[in-house]
Amino acid sequence: MSDNARLAALTALELCRRSGAWSSAVLDSVITKYELDLRSAALASNIFLGVMQNVLLLDHCIDKACTSKGKIEPKVRDILRCAVYQIAFMDKIPVNAAVNEAVEQCKKLGYSRASGFVNAVLRKISLNREAALNVGNRGKPEYLSVRYSHPLWLCEYIVKHHGYEFAECFFAEDNREPQTTVQVNSLKTTAPELLAKLSESGVDAKPHPWLENCLIVKGNVTTFNGFDEGLFYVQDPAARSAVAIAELKPGMQVLDACAAPGGKSFAAAIDMQNSGSILSCDLYEKKLSLINHGAQRLGIGIITTQARDARSTIDDKFDAIIADVPCS
């Protein structure tokens, strides 16, 4: 149901706000908690990720529509953010549905006294969405920061070093909705077979235009038919291509020096036809479980994980080394 999807998105937002948790992990856990079907999970994901990506702009809209911006309780502001995102960016969502559900959330979650305020703010925004989204001061870093919800210091830096026109194109592109791509696990299936399986279950899927054994999909992949069977895994085409360029062969010994969450190790194992050995290392012990669980789901048996700093010496010899070094 759509109300459960909206509640799931709201819950995920609160968890991220209060604990600084990893957004994708929070979203997955909340979708599981609320037992959302494919359609509801997609709605929850859209709202949650949309709010996260546009939070400064949404707050700007909210603050323009009310005079008590400093007095809005955090949970109520999250409710408003979710509703404003639906009103401003999701044309297929009826405005009344977004407004009414926000009001009901206030009542259900113990903020009945704020329900009238929420209703008034959202009605005001919905009457003129274009005006609500108008930031003003175009041509300045402050505009870019609010309009594209990026830190002001970063906007100032890009404008200073590359000019305003480049900066606006840069931030607009950074906010463009990314495609979700999954890589076919050729140890278990083929691209045509997986495409047919996903399409039959109602998933919007199509072949990637230039990368073999890659599909472009829409929705929460963990709910897709074939995920639990290990028929595919999520990975960006550029990351998959980096492993393909290495031309790994069965029987090789490979080191993945900065491995978590495991995509490149999985790609390497598939290219090696699950024959040989891969040492997948990460600095943080807790991240290794992501690799181990993923390998088990995909039916990969040649990966060994180890917590270690990639800068330290490893005595073993390898035919190839994969090093996706963290930018931090």
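Using my numbering, the letters of the sequence shown correspond one by one to residues 2 to 329.
Ideal Cβ positions, reconstructed from N, Cα and C, are used throughout, including at glycine.
As the structure is a prediction and not an experimental result, all values here were calculated from the model.
For residue i: DSSP bridge partner residues
i	result
Val-218	Thr-181, Ala-206
Leu-256	Leu-280, Ile-322
As assigned by DSSP and simplified to three states, the class of residue i
i	result
Thr-305	strand
Tyr-86	helix
Val-235	strand
Val-52	helix
Ile-73	coil
Arg-7	helix
Val-244	helix
Thr-190	coil
Val-136	coil
Asp-310	coil
Ser-113	helix
Ser-150	coil
Gln-106	helix
Pro-262	coil
Glu-334	As shown, the chain starts at 2 and ends at 329. That puts residue 334 outside it, with no answer to give.
Phe-171	helix
Cys-62	helix
Tyr-285	coil
Thr-68	coil
Leu-212	coil
Where the alpha helix (DSSP H) through residue i begins and ends
i	result
Cys-156	153-163
Ile-126	116-128
Gly-21	Element bounds for Gly-21: n/a, residue is neither H nor E.
Ile-292	289-299
Rounded straight-line distance, which links the Cα of residue j to that of residue i
i	j	result
Lys-265	Ile-80	38 Å
Val-31	Ala-9	6 Å
Gly-51	Gly-252	44 Å
Ala-13	Ala-6	11 Å
Gly-203	Asp-310	43 Å
Asp-320	Trp-154	43 Å
Lys-250	Leu-110	56 Å
Ile-301	Leu-188	9 Å
Ile-48	Asn-221	13 Å
Ala-84	Thr-223	26 Å
Segment limits, beta strand (DSSP E) that includes residue i
i	result
Ser-24	Ser-24 -> not in any beta strand (DSSP E); alpha helix (DSSP H) instead, spanning 24-34.
Minimum Cβ-Cβ distance from residue i to chain D less than 7 Å
i	result
Ala-98	Given the protein chain composition of this structure (a single chain), no chain D is represented.
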